[in-house]
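Worksheet: one structure, shown below.
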Amino acid sequence: MRGINLHGIWAIYRTEMQRALRTVWQSIATPVITTALYFVVFGAAIGSHMQQMGGVDYGAFIVPGLMMLTILTQSISNASIAIYFPKFTGTLFEILSAPLSAFEAVVAYVGAAATKSIGIGLIILVTATFFVDLEIRHPFWMLGFLAITSVAFSLFGFIIGIWAKSFEQLAIIPSLVVTPLTFLGGAFYSIDMLAQPWRTISLFNPVVYLVSGFRWSFHGVGDVSVAASLAFMTGFMAICLAILWWMFRTGYRLKP
Amino acid sequence: MPPILSISGVEKHYDSGLTALGGVDLAVRRGEIFALLGPNGAGKTTLISIVCGTVTMSAGTVLVAGRNIVTDFRATRSTIGLVPQEIALDIFSTVWNTVQFSRGLFGRAPDPAYIEQLLRDLSLWDKRHSKTIELSGGMKRRVMIAKALSHEPELLFLDEPTAGVDVNLRRDMWALVRRLRDRGVTIVLTTHYIEEAEEMADRVGVIDKGRILLVEDTAALMEKMGKRRLMLELQQPMAAIPAELQGWPLELQSDGQRMVFTFDAHGEGTGIAALLKRLGELGIDIKDLETTRSSLEDIFVSLVERG
Ligand SMILES: Nc1ncnc2c1ncn2[C@@H]1O[C@H](COP(=O)(O)OP(=O)(O)OP(=O)(O)O)[C@@H](O)[C@H]1O
Ligand SMILES: [Mg+2]
């Protein structure tokens, strides 16, 4: 036997991507319209009162936060539904009975979810250039942050999909935890603007580190250091991988 | 050569506290059709699911072609095909795509010619571009079989292949199983129906309450268990079996209105003709007659009585 079931990984990855491509216009239209709306509301309405933020045009300032907001929610929802749906319809039996290791299953599902998120992130970026002049200081870091965030939160979504026992549970973490944290995490403002103690409290919000690092790759400045951002992302990913490893080893909510 | 499937000491205790399997030992020979026969809740699906890796066993060892299914799961699972009891299909996929998906998932390179032949054999070729959600129940079941065969398994599990299936599909299914066996595929199927086991299987294992009660050649089992009964409704009720008929395995039922003759369906001659002739000679008139055979329940009863 070969060491890795490449055909198996490819079969899952391809099927997942085909699902997205079937609704490709939906997949593209949603982020484009949302981005345009955010620019109208935040950029035009608020931005007219607030020309600059940290030495950058307000319109340009919110681009990284806007991308992060969408990437987080998309990664989580794509990856969680990818595993929850087979569990719900019973087709998971085939995945569980295949000669596929847990690692390979995760690579396939999370890889597909992350690919979609990266695509959507780039669509938002392109859309944004129609509204604002955008300069990206560190393009490679930008892509790096984009990729690592997509992967990390797809892993997180995968965990939620395995854990969830109902569609309500599937929706609860993204809407009750992730979206509020993103809005409070400096997606649309710099946490330097906040008064104490809110500033210090914000430093406990994980999304601050994501947005800050990402914003640094665009504008060269962030709320916290790049090292802190990177350390946070790596730590978060390691925790997700450890949880997944445990879930597959024990069959937690995957098989009786 | 080791048995293609060797199960020893397998137990399953579900989280609910229920013991579905209480120490199962079983060996399936390469190339045979093996029927696992048992009532609802006996543990058939649980046992199959453990071998296929969709349920974790609580204790025991399973070897497929001599390899451990836990430590060597890549090698074992790529040789196993499973058609589960419940139909579960990706409703967005077409027939062709979902079968191709299964082949890839099990680690095989694409082979359109093989999949075409498979779909033709299962009368699915015309439906290859249909979404699975658009198919009838019987067609969906065929797709499940195509998926299970997509990676050319050596050991195929069919969990109640003919439950809720019409006569045509049932006959097709049986023909397919025989063709597969001729190609060297080993088949393990579960069923509630003793006729199905008798019709299909080389050997039968009877399972109840998570324990294997016996494993036997089908012919031998039917001989031992396959008692049939001839029910004779009498024109005139009778108080006792006449002396002339002593020695025949006869008994009276329903206040002497019915005479029951027990015979062996697989014996040399059933004795029916001789009995009817004898009754005629004795002037005993018969209103109606009917034959019945031992049901699965009778077999369990007699097994438990013997055990
Ligand atoms: N996931 C589960 N959790 C708890 N108990 C279960 C689970 N799956 C099956 N059981 C129980 O285990 C026992 C064996 O079930 P199993 O499905 O193996 O029986 P079976 O022989 O396949 O029955 P049938 O002929 O109805 O398909 C039953 O009592 C069933 O209720
Ligand atoms: Mg069953």
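So the protein sequences, as listed, match chains B and D.
If you're matching positions, the first sequence starts at 636 in this note's numbering and goes up one per residue.
If you're matching positions, the second sequence starts at 100 in this note's numbering and goes up one per residue.
C-beta atoms are modelled at their ideal positions from N, C-alpha and C, and glycine is treated no differently.
Inset, instruction - Answer yes or no: does any C-beta atom of chain B fall closer than 8 Å to that of glutamate 110 of chain D? - result: no
Inset, instruction - Measure the C-alpha to C-alpha separation of isoleucine 783 of chain B and proline 841 of chain B and round it to an integer number of angstroms. - result: 15 Å
Inset, instruction - Could you have a look at aspartate 220 of chain D and say whether DSSP puts it in helix, strand or coil? - result: helix
Inset, instruction - Would you please verify whether the beta carbon of phenylalanine 172 of chain D is less than 8 Å from any beta carbon of chain B? - result: yes
Inset, instruction - Determine the chain D residues that contact threonine 726 of chain B at a beta-carbon separation under 7 Å, and present them in chain order. - result: Ala187, Leu188 and Asp189
Inset, instruction - Specify the secondary structure class of arginine 357 of chain D as computed by DSSP and reduced to three states. - result: strand
Legend entry - Check whether phenylalanine 871 of chain B and alanine 799 of chain B have beta carbons under 8 Å apart: no
Legend entry - Stretch-stretch touch, CB-based, cutoff 8 Å, three pairs: the segment 170-189 of chain D with the segment 110-130 of chain D: no
Inset, instruction - Determine whether the Cβ of asparagine 840 of chain B lies closer than 8 Å to any Cβ atom of chain D. - result: no
Inset, instruction - Classify glutamine 894 of chain B as helix, strand or coil using the three-state DSSP reduction. - result: The requested residue 894 of chain B does not occur in the structure, where chain B is confined to residues 636 to 891.
Legend entry - Closer than 7 Å: lysine 143 of chain D CB and nearest ligand 1 heavy atom: yes
Legend entry - DSSP three-state assignment for methionine 777 of chain B, whether helix, strand or coil: helix
Inset, instruction - Verify the contact flag: glycine 177 of chain D, CB atom, against every heavy atom of ligand 1, threshold strictly below 7 Å. - result: According to the sequence provided, residue 177 of chain D is serine. The question's glycine does not apply to it. Not under cutoff, so the answer is no.
Legend entry - Supposed close pair leucine 135 of chain D, valine 284 of chain D - CB separation, criterion 8 Å: Incorrect: roughly 17 Å between the Cβ atoms, too far for contact.
Legend entry - Endpoints, beta strand (DSSP E) assigned at arginine 328 of chain D: 326-333
Legend entry - Through-space distance from alanine 247 of chain D to leucine 218 of chain D, alpha-carbon basis: 12 Å
Inset, instruction - Using DSSP bridges, identify the partner residues of leucine 120 of chain D. - result: D/Lys111
Legend entry - Counted within 10 angstroms of its Cβ, other Cβ atoms place methionine 828 of chain B as buried (16 or more) or exposed: exposed
Legend entry - Same chain, Cβ closer than 8 Å to glutamate 251 of chain D, five either side skipped, listed in chain order: Arg207 and Tyr213
Inset, instruction - Would you mind sorting asparagine 196 of chain D into buried or exposed? The rule is 16 or more other CB atoms within 10 Å of its CB. - result: buried
Legend entry - Check: aspartate 258 of chain D C-beta below 7 Å from any heavy atom of ligand 2: yes
Inset, instruction - Check whether the Cβ of threonine 261 of chain D lies closer than 7 Å to any heavy atom of ligand 2, and answer yes or no. - result: no
Legend entry - Complete alpha helix (DSSP H) runs within the segment 769-857 of chain B (minimum length 4 residues, chain order): 774-798, 802-808, 814-819, 833-837 and 841-854
Legend entry - Bridge-paired residues (DSSP) for asparagine 167 of chain D: D/Leu162
Legend entry - Residue-chain proximity (tryptophan 645 of chain B, chain D), Cβ-Cβ < 8 Å: yes
Inset, instruction - Identify the continuous alpha helix (DSSP H) that holds glycine 180 of chain D and give its terminal residues. - result: Per DSSP, glycine 180 of chain D belongs to no alpha helix (DSSP H); it is in the beta strand (DSSP E), 179-182.
Inset, instruction - Kindly say whether threonine 153 of chain D, judged by its beta-carbon, lies nearer than 8 Å to any beta-carbon of chain B. - result: yes
Legend entry - Simplified DSSP assignment, three categories, for threonine 665 of chain B: helix
Inset, instruction - Could you tell me the distance, in whole angstroms, from the CA atom of methionine 882 of chain B to the CA atom of alanine 740 of chain B? - result: 12 Å
Inset, instruction - Report back the beta-carbon spacing between alanine 863 of chain B and glycine 700 of chain B to the nearest angstrom; my notes put them in contact at under 8 Å. - result: Wrong, their Cβ atoms sit about 17 Å apart, outside the cutoff.
Inset, instruction - Within its chain, find whatever has a CB closer than 6 Å to the CB of alanine 747 of chain B; leave out the 5 residues flanking it on each side and keep chain order. - result: Tyr648, Glu651 and Met652
Legend entry - Extent of the continuous beta strand (DSSP E) run through threonine 285 of chain D: 285-290
Inset, instruction - For proline 407 of chain D, count neighbouring Cβ atoms within 10 angstroms of its own Cβ and tell me buried if that reaches 16, exposed if not. - result: Since the first residue of chain D shown is 100 and the last is 406, residue 407 of chain D is not available in this structure.
Legend entry - Residues near serine 157 of chain D by beta carbon distance below 6 Å, same chain, minus five either side: Glu110, Lys111 and His112
Legend entry - Closer than 8 Å to chain B by CB, tyrosine 113 of chain D: yes
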